[in-house]
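Enquirer: One structure coming up, written as structure tokens, with questions to follow.
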Amino acid sequence: MAVQRLAPTGFHFFLEDGSMAMAKAPARLPLAVTLSLAAVATSAWVAPAAQAQLVTPAQVRAEINRRGAEGVAMGQTGSLLLLESELGVAGQRQGELRNGGRGGLWARGGGSRYKIDGDDAGKFDNDVEVGAIGGDYGWDLSTGKLFLGAYVGLGHADQDDNDIMKGKSRSRYLGTYLTYVDNGGFYVDAVSKVGRIKDEVEFDLPLNLGTYKDDVKHTTYSGSVELGYHLQLEDQWFVEPQLQAIYTRSSQTSVQGRAGVRAGRDFQLSGGTTLRPYATASYLHQFSNDDTIKFGSSTYDVELPGDRWQLGGGMQVSSGAHRGFADLRYGRGDIVKRELTFNVGYSYRF
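Just so we're aligned, residue -10 is where the sequence shown starts under the working numbering, counting upward by one.
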């Protein structure tokens, strides 16, 4: 059999019986593609006439469906990590609220770079950027302070396997939080978030038949409850153990638990400015086992991001009504092979 590319719009296939067939190169195909090809291809799924090898139509369809399934898994994994980053940016408020006056306004943003290697999604990079603005108001209680706040934000993520597949996720969201800070150091922080996300997937079809593109939109839900205790030590040192439960719903359900600790020291400068450098260590465990999603009318296997360690550090600055922080974290796990996250924020307390 010989295979020739005769024009940009199609292929001619010389079949085993000597007859000739032609297949057009479509710009868009459904994931469950059915191609009426009698024979095509090479081992690299490109069809130069001099090196053509005989492959069945079933093999072509299987390769297209394999790429489609991997693309869906890549996009879904990337979007779950985007939602996780959004929830993280909405957190990190304990240093602001513990001595935060009656209320305040804040803005935060950050970015993460992930290297993923999973059985379903394969290897790919996931670059995330998120931002949010919000405000809160507090009440003095006999035992501590209670704060109620709200926020809105945007996020996006770009996935790339550095070969034939790309994806992107675009998110907008709003949420609320309720935080209680006890005079003795104990705190409870509850965060909720609802949003809309658009996931897009794109990959090259075999035989240079074009590029497949598709997208899906849906509503997302996230929430977390964090418990901690701020233990003040001598010479302005502190240790803060933390426990957190995290829920995310975006085509599949993710339930995670986090155990961590933060430790640092306060430095009082002239003029009333306080510097607080700190270090953090956490372990995230994946409790849920929801490893399938619906994309259109089809069901696909998509493993959740799984367990991972996170190590990091940062700096909080407090001067009068102004608060600021910068935070850098590194993570590693079985599926998330590398995570590098940087967040910054500013708040004005009144």
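By construction, the Cβ of each residue, glycine as well, lies at the ideal position given by its N, Cα and C atoms.
So, Leu182 versus Tyr162, is the Cβ gap smaller than 8 Å?
Expert: Correcting the residue identity first, residue 182 is Lys in this sequence and not Leu. For Lys182 and Tyr162, yes; Cβs fall inside 8 Å.
Enquirer: Answer yes or no: do Gly120 and Gly142 have a C-beta to C-beta separation smaller than 8 Å?
Expert: yes
Enquirer: So who's on the other strand from Thr262, going by DSSP bridges?
Expert: Partner(s): none; Thr262 has no beta bridge.
Enquirer: Given 7 Å as the limit, tell me if Val244 has its C-beta closer than that to any heavy atom belonging to the ligand SAM.
Expert: For the ligand SAM, the structure offers nothing, since it holds no ligand at all.
Enquirer: CB-CB under 6 Å to Arg159, same chain, minus the five flanking residues each way: which ones, in chain order?
Expert: His145, Lys187
Enquirer: For Pro230, which residues from the same chain have a beta carbon less than 7 Å from its beta carbon, with the 5 sequence-adjacent residues on both sides left out?
Expert: Within its own chain, the residues whose Cβ lies closer than 7 Å to the Cβ of Pro230, once the five positions on either side in sequence are excluded, are Gly217, Tyr218, Val250, listed in chain order.
Enquirer: How far does the alpha helix (DSSP H) with Glu52 in it extend, from its first residue to its last?
Expert: 46 to 79
Enquirer: How close, in whole Å, do the beta carbons of Gly133 and Gly93 come, if the pair is a contact with beta carbons under 8 Å?
Expert: The Cβ separation is near 17 Å, so there is no contact.
Enquirer: Exposed or buried, which one is Ala310 when buried takes at least 16 other CB atoms within 10 Å?
Expert: exposed
Enquirer: As a quick exercise: from Ala58, Asp109, Asn172, Ser101, pick the residue whose alpha carbon is nearest that of Leu130.
Expert: Asn172
Enquirer: Looking only at DSSP bridge pairs, what is Ala96 linked to?
Expert: Ile122, Tyr335
Enquirer: Rounded to whole angstroms, how far is the Cβ of Gly99 from the Cβ of Val291, which I believe are closer than 8 Å?
Expert: No, Gly99 and Val291 are not in contact; Cβ-Cβ is about 25 Å, not under 8 Å.
Enquirer: Taking all protein chains shown into account, decide if Arg97 is buried (16 or more other Cβ within 10 angstroms of its Cβ) or exposed.
Expert: buried
Enquirer: Give every residue of the same chain whose Cβ lies closer than 6 Å to the Cβ of Asp255, excluding the five residues on either side of it in the sequence, and list them in chain order.
Expert: Gln225, Thr263, Arg265
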